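Residue numbers (numbering that gives the first Met the number 0), protein chains in the order written: chain A, 0 to 209; chain B, 0 to 209. Just so it is clear, CB atoms sit at the ideal spot from N, CA and C, and this is done for glycine as well. In this text, all values refer to a predicted model and were calculated from it rather than measured experimentally. Input: a single structure, listed below in structure tokens.
2 protein chains.
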Amino acid sequence: MNKKNRTLQKPTKERIFDESLDLFSKKGYEAVSVREIAREVGIRESSIYNHYKNKEAILDAIIDYFKIELATSGTPQEDNEALIDQGPEVFFEVGAKTYIDRINTPKMEKIWRLVSIETYHNEKIKRFFKKELLEEPIRGWEEIFNLMIEKNLIKPVNPRTLAYEYFSFVIYLFFEYFILEYDEDFESFMDLALEKMTNHTEFLLQAIKV
Amino acid sequence: MNKKNRTLQKPTKERIFDESLDLFSKKGYEAVSVREIAREVGIRESSIYNHYKNKEAILDAIIDYFKIELATSGTPQEDNEALIDQGPEVFFEVGAKTYIDRINTPKMEKIWRLVSIETYHNEKIKRFFKKELLEEPIRGWEEIFNLMIEKNLIKPVNPRTLAYEYFSFVIYLFFEYFILEYDEDFESFMDLALEKMTNHTEFLLQAIKV
DNA sequence: GTCTATACTTCGATAGAC
DNA sequence: GTCTATCGAAGTATAGAC
């Protein structure tokens, strides 16, 4: 490849990252060989090791990227306080937007899929999922519902119960999409998922409104 | 091994089944080798092939066993009709009992775990999960809620929405247990899960009671 | 039905030339 | 930084003796 073409292309390390993510998210980490990654990138497998220590290091890089992207997305904690006074409707809307924003690029969508399918047997991913994608959001929503109750915006139901009521449905939708229907059409799934989520929040709202 | 000991022992085919299930549910299908199964059973790997055509045939046998066990458990359809008149409380109780019954033996618990972790990348298991463990129950619960509305036992909320409200939480609990917390203590998880499920059904009940 | 022996394949990873 | 060449380990599966 001449110099001109090379300057037009992404660096090899980034191409390894992208192709690995593509393959991992489609087939699972174990089912993808280093040879296969190399073939897709267009280099020999031994050249991979000039960029990453081993296969696992590629996975680690992907997870690190995911953590950083998640950390810089979503609503800042301080804004929550101001939003709460506007009532639960606004909050559910912002909440839904936050989750959608987090899968809004093809890259992030692939990593979500990868995290979903590898959680069960990669200890690092599992701990990350439990802590950052389950316990932390539940805790956050509990706090939000608690404040709403204090401000008399909703009925005084146990805020932890409400957090589970709201968030278990989100987890369910993620499960449905990334585990069971990932191959199918994204657009039509998303339409249906949004409709389900709307029904869910409307039901919840109806149940707790003062 | 002499004849007396052999008669006291399970047939080799059953021991292959049991050890395979044990290993698959702990480590995942791909991560278990035929050699490893053979070692646990106490025979050579080549002897496995006298009982099962190949590794995949063992998995198929496990899934078949699971299907049969599921089909013969649970509440018969006809009984539903009679139960509905007793109101939603009774139904939620029976529903919870049904799901618990289905993981009530160590063998069934292991298969649940196996199905949960292999769904993402075994096409047969995925189709089975989607159809029998998700769509069919949702459809069943929709029908139940629909009848309750007709009999004026609950508020006239969209029965499909109610089915999702109820059942997405069940899926969530299964996900939490089999994917995220399987290693941990079953008893203490079960206590917490039952408490969560009780909170959930109480909340739902409160929201839809006439 | 179990054994030994082995064929055959694929994997991750390294050494060293260029 | 990429290549050729190759290693050792591990995998599934089969043939044939007992």
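Euclidean distance between Cα positions of residue i and residue j
{"i": "B:LYS52", "j": "B:ILE62", "result": "16 Å"}
{"i": "A:LEU152", "j": "A:THR200", "result": "15 Å"}
{"i": "B:LEU58", "j": "B:TYR28", "result": "8 Å"}
{"i": "A:VAL114", "j": "B:LEU179", "result": "12 Å"}
{"i": "A:PHE16", "j": "A:ILE110", "result": "11 Å"}
{"i": "A:MET196", "j": "B:GLU35", "result": "45 Å"}
{"i": "B:PHE174", "j": "A:SER167", "result": "10 Å"}
{"i": "A:LYS154", "j": "A:ASP190", "result": "31 Å"}
{"i": "B:LYS130", "j": "A:ILE116", "result": "19 Å"}
{"i": "A:ASP100", "j": "A:PRO75", "result": "14 Å"}
{"i": "B:PHE84", "j": "A:LYS208", "result": "According to the sequence as given, residue 84 of chain B is Asp; it is not Phe. Each residue's alpha carbon lies about 29 Å from the other."}
{"i": "A:LYS106", "j": "A:LEU172", "result": "19 Å"}
{"i": "B:ARG112", "j": "B:GLU68", "result": "15 Å"}
{"i": "A:ASN145", "j": "A:ALA56", "result": "41 Å"}
{"i": "B:VAL93", "j": "B:ALA81", "result": "12 Å"}
{"i": "A:LEU133", "j": "B:LYS9", "result": "43 Å"}
{"i": "B:PHE164", "j": "A:PHE91", "result": "According to the sequence provided, residue 164 of chain B is Glu. The question's Phe does not apply to it. One C-alpha to the other measures close to 16 Å."}
{"i": "B:TYR181", "j": "A:ASP184", "result": "32 Å"}
Counted within 10 angstroms of its Cβ, other Cβ atoms place residue i as buried (16 or more) or exposed
{"i": "B:GLY41", "result": "exposed"}
{"i": "B:PRO136", "result": "buried"}
{"i": "B:ARG138", "result": "exposed"}
{"i": "B:TYR48", "result": "exposed"}
{"i": "B:GLU13", "result": "exposed"}
{"i": "A:MET147", "result": "buried"}
{"i": "A:PRO87", "result": "buried"}
{"i": "A:ALA206", "result": "buried"}
{"i": "A:GLU18", "result": "buried"}
{"i": "B:LEU24", "result": "Here residue 24 of chain B turns out to be Ser, not Leu, going by the sequence shown. So B:SER24 ends up on the buried side."}
{"i": "A:ARG43", "result": "exposed"}
Near the ligand SAH: residue i beta-carbon under 6 Å from a heavy atom
{"i": "B:ASN53", "result": "Annotation note on the ligand SAH: not contained in the displayed structure, which lists no ligands."}
8 Å CB neighbourhood of residue i in its chain, flanking five on each side removed
{"i": "A:GLU141", "result": "PRO158, ARG159, LEU161 and ALA162"}
{"i": "A:SER46", "result": "THR11 and ALA37"}
{"i": "B:LYS125", "result": "THR118 and TYR119"}
{"i": "B:PHE127", "result": "ILE62, LYS66 and VAL114"}
{"i": "A:LEU22", "result": "VAL31, GLU35, ILE36 and GLU39"}
{"i": "B:GLY73", "result": "THR97, ASP100 and ARG101"}
{"i": "A:ALA60", "result": "PHE16 and TYR51"}
{"i": "A:TYR176", "result": "PHE188 and ALA192"}
{"i": "A:GLU186", "result": "none"}
{"i": "B:LYS150", "result": "ILE83 and ASP84"}
Sheet register partners of residue i (DSSP bridge)
{"i": "B:ILE153", "result": "B:LYS208"}
Cutoff 7 Å; reference residue i; Cβ partners in own chain excluding five residues on either side
{"i": "A:ASN79", "result": "ILE143"}
{"i": "A:MET0", "result": "Reliability fails at A:MET0, whose pLDDT of 43 lies under 50, so the model's placement of it is uncertain and no value is given."}
{"i": "B:ALA95", "result": "MET196"}
{"i": "B:TYR98", "result": "VAL169"}
{"i": "B:THR71", "result": "none"}
Minimum Cβ-Cβ distance from residue i to chain A less than 7 Å
{"i": "B:GLU55", "result": "no"}
{"i": "B:ILE61", "result": "no"}
{"i": "B:PHE174", "result": "yes"}
{"i": "B:GLU164", "result": "yes"}
{"i": "B:LEU179", "result": "yes"}
{"i": "B:ILE170", "result": "yes"}
{"i": "B:ILE116", "result": "yes"}
{"i": "B:LYS12", "result": "no"}
{"i": "B:GLY73", "result": "no"}
{"i": "B:PHE127", "result": "no"}
{"i": "B:GLU108", "result": "no"}
{"i": "B:SER167", "result": "yes"}
{"i": "B:PHE202", "result": "yes"}
{"i": "B:GLY27", "result": "yes"}
Within-7 Å CB hit, residue i to chain B
{"i": "A:HIS120", "result": "yes"}
{"i": "A:THR160", "result": "yes"}
{"i": "A:PRO206", "result": "In the sequence on display, residue 206 of chain A carries Ala and not Pro. Yes, contact with chain B."}
{"i": "A:MET0", "result": "Below a pLDDT of 50, predicted positions are generally treated as unreliable, and A:MET0, at 43, falls in that range; the measurement from the model is reported next regardless. Cβ-Cβ to chain B under 7 Å: no for A:MET0."}
{"i": "A:ASN198", "result": "yes"}
{"i": "A:LYS66", "result": "no"}
{"i": "A:GLU183", "result": "no"}
{"i": "A:GLY139", "result": "no"}
Cβ neighbours of residue i in the same chain (closer than 6 Å, five flanking residues each side left out)
{"i": "B:LEU193", "result": "none"}
{"i": "B:LYS2", "result": "With a pLDDT of only 41 at B:LYS2, under the threshold of 50, the placement of this residue in the model should not be trusted; the figure read from the coordinates follows. No residues qualify anywhere along the chain."}
{"i": "A:GLU108", "result": "ILE102"}
{"i": "A:LEU20", "result": "ILE61 and LYS109"}
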